[in-house]
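Student: Structure provided below as structure tokens; questions to follow.
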Amino acid sequence: MTDTTTSPAGRLGARERAVLERLLPGLDEKLAAHPLAELEKRGGPAIPAFREAGGAGLLVPTEHNGLGADPLEGIRVQRALAMRSPSLAVAAMMHHLSLASFTEYLTAHCAPDAFEWILLKTIAGENQLVASASAEARRGGSMLEPTMRARRDGSNFMISGSKKPCSLSQSMDWFTASVLVEGDEKYDGHLAMAVVPAATEGLVRRPFWESEVLAGAESDEVVLEDLVLDESLMVFTDQKPGSRMDILQIRGWTWFELLAAASYVGVAGLLVEKVMASPRVSRAELGALLVKLESAMGAVENVARDMAGSMDDPGGQMAHSLLARFHVQETVMEVSTTAAELAGGISFIRDTEVGYLLQATRALAFHPPARAKALPALAGYFLGEDLDTTVY
Numbered sequence: 104m105t106d107t108t109t110s111p112a113g114r115l116g117a118r119e120r121a122v123l124e125r126l127l128p129g130l131d132e133k134l135a136a137h138p139l140a141e142l143e144k145r146g147g148p149a150i151p152a153f154r155e156a157g158g159a160g161l162l163v164p165t166e167h168n169g170l171g172a173d174p175l176e177g178i179r180v181q182r183a184l185a186m187r188s189p190s191l192a193v194a195a196m197m198h199h200l201s202l203a204s205f206t207e208y209l210t211a212h213c214a215p216d217a218f219e220w221i222l223l224k225t226i227a228g229e230n231q232l233v234a235s236a237s238a239e240a241r242r243g244g245s246m247l248e249p250t251m252r253a254r255r256d257g258s259n260f261m262i263s264g265s266k267k268p269c270s271l272s273q274s275m276d277w278f279t280a281s282v283l284v285e286g287d288e289k290y291d292g293h294l295a296m297a298v299v300p301a302a303t304e305g306l307v308r309r310p311f312w313e314s315e316v317l318a319g320a321e322s323d324e325v326v327l328e329d330l331v332l333d334e335s336l337m338v339f340t341d342q343k344p345g346s347r348m349d350i351l352q353i354r355g356w357t358w359f360e361l362l363a364a365a366s367y368v369g370v371a372g373l374l375v376e377k378v379m380a381s382p383r384v385s386r387a388e389l390g391a392l393l394v395k396l397e398s399a400m401g402a403v404e405n406v407a408r409d410m411a412g413s414m415d416d417p418g419g420q421m422a423h424s425l426l427a428r429f430h431v432q433e434t435v436m437e438v439s440t441t442a443a444e445l446a447g448g449i450s451f452i453r454d455t456e457v458g459y460l461l462q463a464t465r466a467l468a469f470h471p472p473a474r475a476k477a478l479p480a481l482a483g484y485f486l487g488e489d490l491d492t493t494v495y
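Count the sequence shown with this note's numbering and you get residues 104 to 495, in order.
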């Protein structure tokens, strides 16, 4: 066991890595064996290692072949993953968003022996990965207004549309997409989730992500071209486009905000690790960074604890998850900028990881909701209004 009191990173991230080792034994060691550049490239070893370690079932209940991690454990694993591979953390949080939302829905609407539970057991038991056609914001668009259409065709649905970017586009076994139902007697005009096997004819992958930053997350375009899907793989809802989120959607997006925030705390932590290894940086300077970084993680953990302990106030939990997320967003930018400055110009020139991580920390700002929409909604919530979930 590593002596955290004398290792270069000391205790930074040690608690999170202990949770990762307990739930996914050996994964941290496998990731640590590769240079960051190798883990972050397209087709790198990070996602296969995550799959092999059983990461697919992290948030799935134990009675359904999963590991049953609670929200606090989930975000600590995310931070630990990000401190090894930011791209893996992004890919994993999209997978977890799909399964956490799916599990919330099944718990509320499906009998214990329903087909959907069998599907979830298969995904977790066989370490299958699920891509989520949501969570990457569209400029001027709403996350609750799908870009895909599902038209009734006998006992099937014909689905068309595209999602870009879509993380895990190459490694996914399943593709989940929010669709607008058309031509169905009962659900016409309603939202539904399509659960599509990745090998289905009509599912096409196209290059989209041109940046080398977070390239290992496989965030390319996924296109469905008149794809035929059996209605048993459609999860119908009572929601319509433009309506406020229901409780299950609120729970799902609260999961997302926590997982995303913890991931980018981890990315910034990886940059801080470099500063900790530098003899040029004073303990006072290092301490100032750690105060900000660990306080930001603490804000995320507080919401995770509340989410694990109660379902009585989902709107309040979402509001506090957004507070934590935007606190992390600001803190991570400040900490990473200061850490890069402390590392020095020569380090920036000769160590390509410094510049890479500095860019990667900025990506949290691109996840929904946009700050300009979310901040007025948060103000309204604390003024006594219901949280305006249409900000997504």
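Where a beta carbon is used, it is the ideal one built from N, C-alpha and C, also for glycine.
Could you tell me which residues DSSP pairs with Cys213 in its beta bridges?
Tutor: The partner list for Cys213 (beta bridge, DSSP) is empty, contrary to what the question assumes.
Student: How big is the Cα-Cα spacing for Glu328 and Glu321?
Tutor: 20 Å
Student: Please report the distance separating the alpha-carbon of Ala253 from that of Gly286.
Tutor: 9 Å
Student: In three-state terms, what does DSSP make of Arg114?
Tutor: Coil.
Student: Taking 8 Å as the threshold, find out whether the stretch 422-429 comes into contact with the stretch 452-459 through three or more Cβ pairs.
Tutor: no
Student: Which one of Leu115, Leu478 and Asn230 has the shortest CA to CA distance from Leu127?
Tutor: Asn230
Student: Please confirm whether Leu232 and Ser274 have their CB atoms less than 8 Å apart.
Tutor: yes
Student: Quick check: what's the CA-CA separation for Ala199 versus Leu162?
Tutor: Here residue 199 turns out to be His, not Ala, going by the sequence shown. Whole-angstrom Cα-Cα distance: 7 Å.
Student: In this structure, does DSSP put Lys266 in helix, strand or coil?
Tutor: If DSSP states are grouped into helix, strand and coil, Lys266 belongs with the strands.
Student: Closer than 8 Å is the cut-off here; do at least three beta carbon pairs connect the stretch 353-365 with the stretch 396-408?
Tutor: With the cut-off at 8 Å, the stretch 353-365 and the stretch 396-408 touch.
Student: Classify Ser274 as helix, strand or coil using the three-state DSSP reduction.
Tutor: coil
Student: For Ala172 and Gly116, which I take to be in contact (beta-carbon distance under 8 Å), what is that distance rounded to the nearest angstrom?
Tutor: Rounded, the Cβ-Cβ distance is 17 Å, inconsistent with contact.
Student: My parser needs the alpha helix (DSSP H) runs of 4 or more residues fully inside the stretch 347-401; what are they?
Tutor: Listed in chain order, they are 350-379.
Student: Among Ala136, Gly448, Asp291 and Ser270, which has the Cα closest to the Cα of Arg309?
Tutor: The shortest C-alpha separation from Arg309 is found at Ser270.
Student: Reducing DSSP to helix, strand and coil, say where Arg465 ends up.
Tutor: helix
Student: Can you tell me which residues form a DSSP beta bridge with Asn168?
Tutor: According to DSSP, which records beta bridges pairwise, Asn168 is partnered with nothing at all.
Student: How far does the alpha helix (DSSP H) with Pro417 in it extend, from its first residue to its last?
Tutor: Pro417 to Ala446
Student: Taking the alpha helix (DSSP H) that Phe485 belongs to, which residues open and close that run?
Tutor: Arg474 to Phe485
Student: On the CB-based measure, 16 or more other CB atoms within 10 Å of its CB, does His212 come out buried or exposed?
Tutor: exposed
Student: DSSP three-state label for Ser235, please.
Tutor: strand
Student: Put Thr340 into one of helix, strand or coil per three-state DSSP.
Tutor: Thr340: coil per DSSP, three-state reduction.
Student: List the whole-angstrom C-beta distance separating Ala463 from Val316, where the pair is believed to meet the contact cut-off of C-beta under 8 Å.
Tutor: 5 Å
Student: Note down the Cα distance separating Gly497 from Glu207, rounded to an integer number of angstroms.
Tutor: Any property of residue 497 remains undetermined from this structure, which presents the chain solely from 104 to 495.
Student: If we count the other Cβ atoms within 10 Å of its Cβ and call it buried at 16 or more, is Glu143 buried or exposed?
Tutor: buried
Student: Going by C-alpha to C-alpha distance, which of Ser235, His470, Lys224 and Asp349 sits closest to Leu170?
Tutor: Lys224
Student: By the DSSP assignment, the alpha helix (DSSP H) with Ala302 in it spans what residues?
Tutor: Taken as a continuous stretch (DSSP letters only), Ala302 belongs to no alpha helix (DSSP H), as it is neither H nor E.
Student: On the criterion of 16 or more Cβ atoms from any shown chain inside 10 Å, does Ala217 qualify as buried, or is it exposed?
Tutor: exposed
Student: Under three-state DSSP, which class holds Gly243?
Tutor: The predicted model places Gly243 with a pLDDT of 48, which falls under 50 and marks its position as unreliable; any figure quoted below should be read in that light. It is coil, neither helix nor strand.
Student: Whose C-beta lies closer than 6 Å to the C-beta of Arg255 among residues of the same chain, with five residues either side of it excluded?
Tutor: Gly286 and Asp287
Student: Between the alpha carbons of Ala136 and Phe469, how many angstroms are there, rounded?
Tutor: 30 Å
Student: Going by Cα to Cα distance, which pick from Glu388, Glu397, Gly483 and Ala477 is closest to Ala443?
Tutor: Glu388
Student: Excluding the 5 residues flanking Ser381 on each side, which residues of the same chain have their C-beta closer than 8 Å to its C-beta?
Tutor: Leu445, Ala446, Gly447 and Ser450
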